[in-house]
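FYI, in the numbering used here the residues of the sequence shown are 48 to 560.
To start, the structure itself, in structure tokens.
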Amino acid sequence: MTVIKELDFINSVKNSLQFISYYHPLDFIQAMDKAYQAEKNPAAKDAIAQILINSRMSAEGKRPICQDTGIVTVFVKIGMKVSFDSELTVQELVDEGVRQAYNEQTNPLRASIVADPAGARKNTKDNTPSVVHVEMVKGDKVEVMVAAKGGGSENKSKMAMLNPSDSIEDWIEKTVPTMGAGWCPPGMLGIGIGGTAEKAAVMAKESLMEPVDIYELQEKEKNAPDSLSTDEKLRLEIFKRVNNLGIGAQGLGGLTTVLDIKIKSCPTHAASKPVVMIPNCAATRHAHFTLDGTGEATLTPPSLDQWPEITREVGENVKRVNVNDLSKADMSDWKSGDTLLLSGKILTGRDAAHKRIQELIKSGEGLPEGVDFKDRFIYYVGPVDAVRDEVVGPAGPTTATRMDKFTDFMLEETGLLGMIGKSERGQQTVDSIAKHQSVYLMAVGGAAYLVAKAIKKSRVVAFADLGMEAIYEFDVEDMPVTVAVDSKGNNVHQQGPAIWKAKIAELDSKMSE
Ligand SMILES: O=C(O)C[C@H](O)C(=O)O
Numbered sequence: 048m049t050v051i052k053e054l055d056f057i058n059s060v061k062n063s064l065q066f067i068s069y070y071h072p073l074d075f076i077q078a079m080d081k082a083y084q085a086e087k088n089p090a091a092k093d094a095i096a097q098i099l100i101n102s103r104m105s106a107e108g109k110r111p112i113c114q115d116t117g118i119v120t121v122f123v124k125i126g127m128k129v130s131f132d133s134e135l136t137v138q139e140l141v142d143e144g145v146r147q148a149y150n151e152q153t154n155p156l157r158a159s160i161v162a163d164p165a166g167a168r169k170n171t172k173d174n175t176p177s178v179v180h181v182e183m184v185k186g187d188k189v190e191v192m193v194a195a196k197g198g199g200s201e202n203k204s205k206m207a208m209l210n211p212s213d214s215i216e217d218w219i220e221k222t223v224p225t226m227g228a229g230w231c232p233p234g235m236l237g238i239g240i241g242g243t244a245e246k247a248a249v250m251a252k253e254s255l256m257e258p259v260d261i262y263e264l265q266e267k268e269k270n271a272p273d274s275l276s277t278d279e280k281l282r283l284e285i286f287k288r289v290n291n292l293g294i295g296a297q298g299l300g301g302l303t304t305v306l307d308i309k310i311k312s313c314p315t316h317a318a319s320k321p322v323v324m325i326p327n328c329a330a331t332r333h334a335h336f337t338l339d340g341t342g343e344a345t346l347t348p349p350s351l352d353q354w355p356e357i358t359r360e361v362g363e364n365v366k367r368v369n370v371n372d373l374s375k376a377d378m379s380d381w382k383s384g385d386t387l388l389l390s391g392k393i394l395t396g397r398d399a400a401h402k403r404i405q406e407l408i409k410s411g412e413g414l415p416e417g418v419d420f421k422d423r424f425i426y427y428v429g430p431v432d433a434v435r436d437e438v439v440g441p442a443g444p445t446t447a448t449r450m451d452k453f454t455d456f457m458l459e460e461t462g463l464l465g466m467i468g469k470s471e472r473g474q475q476t477v478d479s480i481a482k483h484q485s486v487y488l489m490a491v492g493g494a495a496y497l498v499a500k501a502i503k504k505s506r507v508v509a510f511a512d513l514g515m516e517a518i519y520e521f522d523v524e525d526m527p528v529t530v531a532v533d534s535k536g537n538n539v540h541q542q543g544p545a546i547w548k549a550k551i552a553e554l555d556s557k558m559s560e
């Protein structure tokens with residue numbers, strides 16, 4: 048009988064979470080580099096460059112790849128011949144590892160979990176509880192897969208109870224464009240097929256723990272097409288169809304939207320075809336280890352020589368902008384797709400802050416001392432706490448689309464000049480931006496450590512009780528952003544994918560001639 052010691056389990060979970068907060072899996076980086084080399088749309092190529100540069104910086108600095116350090120999801124497969132030397136349940140053991148990892152002194156991770164989700168949504172402060180899936184298996188070992196899943200990509204998960212004769216690939220091709228760019232493509236799609244509704248969802252999530260191997264599968268298709276299984280054929284077909292959509296990195300339009308398609312399937316009811324699709328973002332993070340009773344897991348740091356050496360040039364048409372001295376008239380000649388380097392003071396605010404701002408203004412109470420959005424930019428972000436000489440921890444953009452419901456109000460009532468976030472805005476919001484001659488700028492989601500280097504000063508100005516969702520004032524220097532919606536309402540997230548979908552179709556038809 049193998050005996051797993053309490054501390055070995057807790058330390059292994061803790062160390063894995065620290066490890067994956069700053070080391071991307073190598074297979075993912077290699078696939079991202081391949082996408083970078085192949086990309087033809089300069090905007091998408093630059094977004095991938097930022098993701099790759101950020102990845103190396105995080106690995107070197109041992110600081111999180113993304114400010115969203117995720118909701119911890121763990122798959123534990125326990126051999127039937129294993130016992131635990133602990134009074135704690137598996138959930139409690141995992142949560143203790145999470146607690147220690149997220150409160151680690153040298154690399155604290157962002158606590159993103161809120162209790163009472165339908166009500167008070169109060170931050171639990173230590174990122175617990177985690178989501179734990181336990182399976183009893185044959186053998187005398189414990190296999191653990193630890194992931195830290197970003198909220199933005201999780202939010203874009205989709206499910207369908209298809210009819211048995213429906214096409215899964217048609218459903219996916221139709222559904223992926225509705226997910227927008229909030230899941231931070233390029234990434235992976237995990238697909239669970241069969242079982243019941245909840246089984247399909249767990250399979251979809253578990254499939255994302257597998258390494259990127261679509262290129263090996265493409266080779267197999269060339270060399271031994273008859274040996275492909277149903278799921279393998281489906282993976283290849285979906286990979287092609289999704290990339291042909293032209294959504295591209297960050298939804299800017301381009302050749303690569305997905306780096307791999309993963310599928311797990313199991314038998315289902317004759318009347319059913321459950322399908323769940325869960326995307327994994329550019330900050331894909333997972334680690335695997337096995338405990339056999341001899342001690343805690345050993346995690347071998349990757350060699351950074353295997354990370355591509357990428358440099359970014361500040362192009363000629365990049366505009367340097369002082370946001371401290373800016374008017375609507377100055378922004379009127381910015382065009383969607385332009386790259387800007389912002390310097391000056393910006394305020395932050397995301398979901399909880401927007402809700403409170405609206406309540407305070409509507410109730411007549413007004414905003415707290417020091418919070419004045421007049422002629423200012425708001426940056427949608429929830430940063431990681433600073434350590435050592437940092438001004439702020441990693442601080443990449445959060446999904447702007449979630450703030451759409453507040454945007455007209457903010458522009459109308461607060462005198463806000465513009466917004467910075469990631470992913471697309473809805474049409475009503477784009478119309479409101481044009482009506483107010485405002486702009487929406489995007490930073491690259493998943494390049495959080497790189498973005499944080501542009502922040503030279505940071506202070507909390509209001510709502511400190513909201514933790515990472517407080518309002519901060521950042522003093523930025525040369526913060527790289529792209530004009531996503533200009534003051535005329537031109538929208539890069541609408542134009543980019545449409546252009547690249549057509550270009551890919553043209554390239555495909557030339558190749559088949
Ligand atoms: O919570 C965040 O910081 C980002 C979130 O994961 C998002 O992608 O919107």
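Every residue gets a Cβ at the ideal spot worked out from N, C-alpha and C, and that includes glycine.
All values reported here derive from a predicted model rather than from experimental measurement.
In the DSSP assignment, what are the bridge partners of residue i?
i, result
"F122", "H180, M192"
"M226", "M226 is not bridged to any residue."
"H316", "Paired residues: none, contrary to the question."
"I561", "A query on residue 561 cannot be resolved here, the shown segment of the chain reaching from 48 to 560 and no further."
"P544", "BP columns for P544 are empty, so no partner."
"S59", "BP columns for S59 are empty, so no partner."
"R506", "E520"
"P527", "L388"
"Y487", "M466, V532"
"M515", "BP columns for M515 are empty, so no partner."
"L394", "I425, E520"
"L338", "V189"
"H333", "A194"
"D307", "M235"
"M208", "P321"
"A162", "K169"
What's the C-alpha gap between residue i and residue j?
i, j, result
"N174", "K469", "23 angstroms"
"K421", "G384", "25 angstroms"
"E190", "A399", "38 angstroms"
"P176", "E437", "28 angstroms"
"D273", "E263", "15 angstroms"
"Q405", "G298", "29 angstroms"
"V161", "A271", "49 angstroms"
"I467", "V50", "52 angstroms"
"A228", "I98", "15 angstroms"
"T171", "T345", "29 angstroms"
"N537", "A531", "8 angstroms"
"D352", "L73", "11 angstroms"
"Q84", "Q138", "42 angstroms"
"L389", "L255", "36 angstroms"
"A499", "T243", "43 angstroms"
"E416", "F510", "11 angstroms"
"A481", "L488", "13 angstroms"
"N364", "W381", "11 angstroms"
"R110", "V305", "26 angstroms"
"N202", "R449", "10 angstroms"
"E356", "I100", "8 angstroms"
"E253", "M208", "19 angstroms"
"A433", "I551", "43 angstroms"
"A13", "G300", "It is not possible to answer for residue 13, since the shown part of the chain is limited to 48 through 560."
"A442", "P211", "45 angstroms"
"I393", "P164", "29 angstroms"
Please tell me whether residue i has its Cβ less than 8 angstroms away from any Cβ of chain D.
i, result
"K280", "Looking for chain D here will not work: only one protein chain is present."
Pop quiz: residue i and residue j are said to be a contact at Cβ under 8 angstroms. What is the actual Cβ separation, rounded to whole angstroms?
i, j, result
"L292", "Q265", "At roughly 19 angstroms, the Cβ-Cβ gap does not stay under 8 angstroms, so L292 and Q265 are not in contact."
"V431", "V508", "So it is not a contact: roughly 18 angstroms between Cβ atoms."
"Q484", "S534", "5 angstroms"
"T303", "E86", "6 angstroms"
"L387", "K366", "5 angstroms"
Please confirm whether residue i and residue j have their CB atoms less than 8 angstroms apart.
i, j, result
"S159", "T116", "yes"
"G234", "A248", "no"
"S523", "K503", "The displayed chain sequence assigns Val, not Ser, to residue 523. Yes."
"A495", "I112", "yes"
"V312", "G241", "Correcting the residue identity first, residue 312 is Ser in this sequence and not Val. Yes, Cβ-Cβ distance for S312 and G241 is below 8 angstroms."
"V129", "H333", "no"
"V259", "F66", "no"
"G465", "A90", "no"
"V323", "S200", "no"
"T395", "F286", "no"
"L281", "E216", "yes"
Query raised in the report: Can you give, in chain order, each stretch of the alpha helix (DSSP H) that sits fully within the segment 95 to 152 and has at least 4 residues?
Result: 137 to 149
**Report entry** Complete beta strand (DSSP E) runs within the segment 408 to 472 (minimum length 3 residues, chain order)
**Finding:** 424 to 426, 465 to 468
Query - Uninterrupted beta strand (DSSP E) stretches inside the segment 347 to 391 (no shorter than 3 residues) - result: 366 to 369
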